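Colleague: Got a structure for you, written out below as structure tokens; questions coming shortly.
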Amino acid sequence: IPEQYGRTGGGVAKETMLDDIARDIRMLSNLWNKVIKASCYRGIRFGTEVILEDYNRIFPILETAETFFYIPRFLYFYRQRENSLVHSSTPEQSFFCVNAAIRRKQMLYPKYQTAATTGVAVQMVLFCRARAYDKCYLSFQKEYRFCKKYIWQHCATLLSDSETPVKWKMKFLLLGIGALPVVVNIK
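Per my numbering, the sequence shown starts with residue 818, numbered consecutively.
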């Protein structure tokens, strides 16, 4: 439960919610775990992507909302099937998350750029950690170097962001200097 939302839940400022979704740490950028009024979907078209079709649509949908309310408990059970695309994604498909985060950063307003930069870095850490777990790290050197370069170029922004937890700042810094084995061991 994100601490700043409180253990009992309640109203959340729109700016806080959108900033946290762009950051992709406290509030994830997906639609499946959110209850959204149907009118917020008006005019929104979903693409034909095989995975993450909601990732770049969440901001336009939530920007139309007037109020946000956080409920700190599970209201339904999310069932993942073994034959789900989530379980069958290839390393190439998982790099799609990084590219989707970069595209979203490009379309967000300037006031969300720091949070969106963090969101891109989060996806990069997740991609690099997953490839290390898969033991296919060596076959993704190009993508790994791309992630490392991005994080290094944005290191000042990532480390100075007061809303990013220290644990994530450590992951960014370690990946930026090329210490992937250490990043893998940070939970």
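Glycine included, every Cβ here is placed at the ideal spot set by N, Cα and C. Given the structure is predicted, the values throughout are model-derived calculations rather than measurements.
Check for me: the beta strand (DSSP E) holding F957 runs from which residue to which?
Modeller: Position 140 of the sequence shown, counted from the first residue, corresponds to residue 957. That residue, F957, is in no beta strand (DSSP E); it is neither H nor E in DSSP.
Colleague: Can you have a look at K984 and say buried or exposed, based on whether 16 or more other CB atoms are within 10 angstroms of its CB?
Modeller: Along the sequence shown, read from residue 1 onward, the residue named residue 984 stands at position 167. K984 is exposed by the Cβ-count criterion.
Colleague: Expressed to the nearest angstrom, what Euclidean distance is found between the alpha-carbon atoms of P982 and W849?
Modeller: Taking the sequence shown and counting its residues from 1, the one referred to as residue 982 is at position 165. Taking the sequence shown and counting its residues from 1, the one referred to as residue 849 is at position 32. Rounded to the nearest whole angstrom, the C-alpha separation of P982 and W849 is 24 angstroms.
Colleague: Look at Y967 and M987 and say whether their C-beta atoms are less than 9 angstroms apart.
Modeller: Locating residue 967 in the sequence shown gives position 150, where the first residue counts as 1. Locating residue 987 in the sequence shown gives position 170, where the first residue counts as 1. Not a contact, by the Cβ cut-off of 9 angstroms.
Colleague: Of all the options E960, A938 and G826, which has the alpha carbon lying nearest to the alpha carbon of I888?
Modeller: Within the sequence shown, the letter at position 71 stands for residue 888. Nearest option by C-alpha distance: G826.
Colleague: Would you tell me roughly how many angstroms separate the C-alpha atoms of F885 and E832, rounded to the nearest one?
Modeller: As a position in the sequence shown, residue 885 is number 68, starting the count at 1. As a position in the sequence shown, residue 832 is number 15, starting the count at 1. If I take the Cα positions, the gap works out to 10 angstroms.
Colleague: Return the residue from the list A839, V829 and G828 that minimises the CA-CA distance to K928.
Modeller: As a working mapping, residue 928 is identified with position 111 in the sequence shown. It is A839.
Colleague: Nearest to S911 by alpha carbon, out of F957, K922 and I878?
Modeller: Reading the sequence shown from its first residue, position 94 is the one you call residue 911. Taking only the C-alpha atoms, the option nearest S911 is F957.
Colleague: Which value, in whole angstroms, describes the spacing of the CA atoms of I853 and A949?
Modeller: Locating residue 853 in the sequence shown gives position 36, counting from the first residue. Locating residue 949 in the sequence shown gives position 132, counting from the first residue. For I853 and A949, the distance between alpha carbons rounds to 36 angstroms.
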